[in-house]
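Structure record follows, encoded as structure tokens.
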Amino acid sequence: MKHLTLAALIAIGAAAAPLPSMAYSNVSLYIGTAPPAPLYERVPAPRHGYVWAPGHWEWNGRRHVWAPGFWVVERPGYVYRAPAWYQGNGGWYMQPAAWAPYGRDRDRDGVPDRFERRGDRYYGDRAYYRDRDRDGVPDRYERGGRRHDEDRDGVPNRYDRDRDGDGVPNRRDHRPDNPYRR
């Protein structure tokens, strides 16, 4: 009975031991032949909110197969990097498609330089760079948080006879800054 229990414990321990190491495994496949030249694809008309992913050659285990292009939903702040073939270690390997952060990243930490703190100049550090309403325009350009042209008709508020664009002139409007007419 002891031998059977001991054998069962050893079998369970041996089966459970490789599980954590398998989670961190990585496989690289190198192919001896270069992929053919890319085929010409007619790119469809642009679609708002999408990025065109061009066609590319893929390896199916025996030969290169052409994968046609398709539209990918756009990710704000990122640039689509199409799959590409590279030569190295005596063969060819494909770098899969990925989204790369937009902008320079000098320290290569994955955070674009425009979001990193540089001395005393970073987002929210001083009043000069503050943006309370988080619209991307610093407060120094908005006159205390208000726009120069509230109704965005091209006429600055100080010359606009209808500041809120509701159709009622300011001289007859009880609330000249309320764009919702009642």
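For the numbering used here, add 27 to where a residue sits in the sequence shown, where the first one is 1. Here a beta-carbon is modelled for each residue, glycine too, at the ideal position from N, C-alpha and C.
For the beta strand (DSSP E) that His-91 lies in, which residues bound it at each end?
91-94
Check whether the Cβ atoms of Ala-125 and Arg-108 sit closer than 7 angstroms, and answer yes or no.
yes
Are the region 103-123 and the region 83-95 touching, with three or more C-beta to C-beta distances below 8 angstroms?
yes
May I ask you to list the residues that DSSP assigns as paired with Tyr-105?
Bridge partners of Tyr-105: Pro-128.
Inter-residue spacing [alpha-carbon to alpha-carbon] between Pro-196 and Arg-188:
6 angstroms
Assign Ala-64 to one of three DSSP states: helix, strand, or coil.
Three-state DSSP puts Ala-64 in coil, outside helix and strand.
For Gly-115, does the three-state DSSP call read helix, strand or coil?
strand
Would you tell me roughly how many angstroms separate the C-alpha atoms of Asn-205 and Asp-191, rounded to the nearest one?
The alpha-carbon atoms of Asn-205 and Asp-191 are separated by roughly 6 angstroms.
At the level of alpha carbons, what is the spacing between Pro-62 and Trp-112?
Approximately 8 angstroms between the Cα atoms of the pair.
Helix, strand or coil at His-75 [DSSP, three-state]
coil
Just verifying my parser: in three-state terms, what is the DSSP assignment at His-30?
helix
Below 8 angstroms CB to CB, which residues in the same chain sit around Arg-90 once its five sequence neighbours on both sides are set aside?
none
Among the residues of its own chain, which have a CB less than 6 angstroms from the CB of Gly-104, if the five just before and after it don't count?
Tyr-129
Could you spell out where the beta strand (DSSP E) holding His-83 opens and where it closes?
83-86
Which residues DSSP lists as bridging Ala-80, in chain order:
Phe-97
Look at Phe-97 and Ala-72 and say whether their C-beta atoms are less than 7 angstroms apart.
no
If you draw a straight line from the alpha carbon of His-175 to that of Asp-162, how long is it in whole angstroms?
15 angstroms
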